[in-house]
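A short worksheet on the structure shown next.
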Amino acid sequence: MADKWTGIKKRWLAWLDKRIPAASSIQLSHRSIFIFPSKMGFLFLALLGIIFILAVNFQNSLAYGLLFLLGSILFVGIYHTYQNLSKLQLIATPVAPCFVGDTLKFKVLLKPLLGKEYFQIKLGWGKSKVVDVPKDTESVAELEQRAVTRGLYNPKRMRISTTFPLGLLEAWSWVALRYEAIVYPKPIREPFQYVSGAIDNSQPGRNSQKGMDDFHGFRKYQPGDNLKQVAWKQFARGQGMLTKEFEDHFEHSHWLDFNATKGDIEKRLSILCGWILMSHEAGYEYGIRLPGCEIEPSRGDSHRDQCLRALAVYPGAHR
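Quick note, my numbering runs 47 ahead of the 1-based positions in the sequence shown.
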């Protein structure tokens, strides 16, 4: 039975892919809008059935009049419910990257047809958001999904629907807005294991930390910091856990090497992710070495994003 339903679902999705193909911008039309009675609509139809039976049995003209009046309202509602979605344009906007375990925020731009306004538009995956789209004004709906695995993430089809104005009918569509969200590995902050560009380029996996020559200041304690460098006096004064920072006289240029980490692929990438963030925060010049990929040492936000993206799209098992 399960295989049967799986086959039906696959055929349904294949039909949707042909009927409503994925795109970064979709305008709803008769090809992509479906309409059916809502729960209240079915109760309304049941009421019409009861009135019809009573009208036939008692041959009551007033009952027939009420039946035709309510039926005409239902049919007029079909047109207005359909029009409350028709020609509405949905546009996918860029998505900010995040780390595994964080929340991806997808923004949908809702653009009305010139001179039209839309009311009580529900859209989303599972939990829906309700928005109104005023006349000649674009609206934005922000939807969220939790990032479970790293890589390039594109959400499944989104359901958009409305029961306006009567609530007796529901018009809906399943749209596939084309996003390309990047999910980075979850960072693990461990002491550096890198190849220093200023000390010795021939020793992969060389242990190195910030220098121990000149006291530089304090920073907030992070798990994995050497306890010998914790500022215990400040901790005793109630200032919290702080770590002493020292400056050395070496040039902070180094390689972060995949082979210097231990564990499975996902853990290794998470450790590299933590090292990239730590190097960036410290202002170091750094590069990364992955099997089949090497990014030369540099600094800056764009370099950090390039390195993190390389980790996100690295081939291998995703958990």
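Idealized CB from N, CA, C, for every residue including glycine.
Item: Skipping 5 residues on each side, what residues in its chain have a beta carbon closer than 7 Å to that of arginine 351?; Value: Ile323 and His327
Item: Quick check on DSSP: helix, strand or coil for isoleucine 125?; Value: helix
Item: How should valine 180 be labelled, buried or exposed, when 16 other C-beta atoms within 10 angstroms of its C-beta is the threshold for buried?; Value: buried
Item: Need the endpoints of the alpha helix (DSSP H) that histidine 367 sits in, please.; Value: Past the edges of the chain, shown from 48 to 366, lies residue 367, and the structure says nothing about it.
Item: What residue does the alpha helix (DSSP H) around alanine 69 start on, and which one ends it?; Value: Counting along the chain, alanine 69 falls outside any alpha helix (DSSP H), and DSSP gives it neither H nor E.
Item: When we look at the beta-carbon of threonine 150 and count the other beta-carbons within 10 Å, is it buried (16 or more) or exposed?; Value: exposed
Item: Just verifying my parser: in three-state terms, what is the DSSP assignment at glycine 148?; Value: coil
Item: Taking 8 Å as the cut-off, does the segment 160-171 touch the segment 224-242 (at least 3 CB pairs, one atom from each stretch)?; Value: no
Item: Counting only runs of 3+ residues fully inside the segment 51-102, write out the beta strand (DSSP E) ranges in chain order.; Value: 72-74 and 81-84
Item: Using the three-state DSSP reduction, which class does phenylalanine 394 fall into: helix, strand or coil?; Value: The first residue shown for the chain is 48 and the last is 366, placing residue 394 beyond what the model contains.
Item: Indicate whether threonine 140 and lysine 154 have their beta-carbon atoms separated by less than 8 Å.; Value: yes
Item: For valine 277, which beta-bridge partners are listed by DSSP?; Value: Thr290
Item: Could you please give the first and the last residue of the uninterrupted alpha helix (DSSP H) stretch that includes alanine 329?; Value: 312-329
Item: Assuming contact is defined by CB atoms lying nearer than 8 Å, are tyrosine 129 and alanine 218 in contact in what I supplied?; Value: yes
Item: To the nearest angstrom, how far is the alpha carbon of threonine 320 from that of proline 270?; Value: Before going further, note that residue 320 is cysteine rather than threonine in the sequence given. Distance between the alpha carbons of cysteine 320 and proline 270: 15 Å.
Item: Quick one: using the 10 Å Cβ neighbour count with 16 as the cut-off for buried, is phenylalanine 211 buried or exposed?; Value: buried
Item: What's the gap between the Cα of leucine 161 and the Cα of glutamate 185?; Value: 11 Å
Item: Quick check on the burial criterion: 16 or more other C-beta atoms within 10 angstroms. Buried or exposed for glutamine 250?; Value: Here glutamine 250 scores only 38 on pLDDT, less than 50, and its place in the model is too uncertain to base an answer on.
Item: With a cut-off of 8 Å, do at least 3 Cβ pairs link the segment 111-124 to the segment 59-78?; Value: no
Item: Can you give the Cα-Cα distance for valine 123 and lysine 314, rounded to whole angstroms?; Value: 60 Å
Item: Exposed or buried, which one is leucine 325 when buried takes at least 16 other CB atoms within 10 Å?; Value: For clarity, residue 325 is methionine in the given sequence; the question names leucine instead. The residue is buried, with at least 16 neighbouring Cβ atoms inside 10 Å.
Item: When the Cα atoms are used, what is the spatial distance from lysine 203 to serine 220?; Value: 13 Å
Item: Just mark histidine 301 as buried or exposed, buried being the case when its beta carbon has 16 or more other beta carbons within 10 Å.; Value: buried
Item: At the 8 Å Cβ level, is alanine 139 part of the contact set with chain C, yes or no?; Value: The chain inventory of the structure shown lacks chain C, comprising one protein chain alone.
Item: Apply the 10 Å Cβ neighbour rule to leucine 358 and answer buried if 16 or more other Cβ atoms are within range, or exposed otherwise.; Value: buried
Item: Using only CA atoms, which one of Pro338, Gly330 and Val142 lies nearest to serine 345?; Value: Gly330
Item: Using the beta-carbon count (16 or more within 10 Å), is glutamine 256 buried or exposed?; Value: Confidence in glutamine 256 is poor, its pLDDT being 42 and thus under 50, which makes the residue's placement unreliable; the coordinate value appears in the next sentence. When all chains shown are included, glutamine 256 counts as exposed.
Item: Look at the alpha carbon of leucine 132 and the alpha carbon of lysine 174, and state the distance between them as a whole number of angstroms.; Value: 19 Å
Item: Would you grab the beta carbon distance between leucine 224 and isoleucine 73 for me? Rounded to a whole angstrom, and I think it's under 8 Å.; Value: 7 Å
Item: From the DSSP output, which residues share a beta bridge with leucine 367?; Value: The chain is shown only over 48 to 366; residue 367 falls outside these bounds and no answer can be derived.
Item: Take the Cβ of glycine 96 as the centre, count every other Cβ of all protein chains shown within 10 Å, and call the residue buried at 16 or more, exposed below.; Value: exposed
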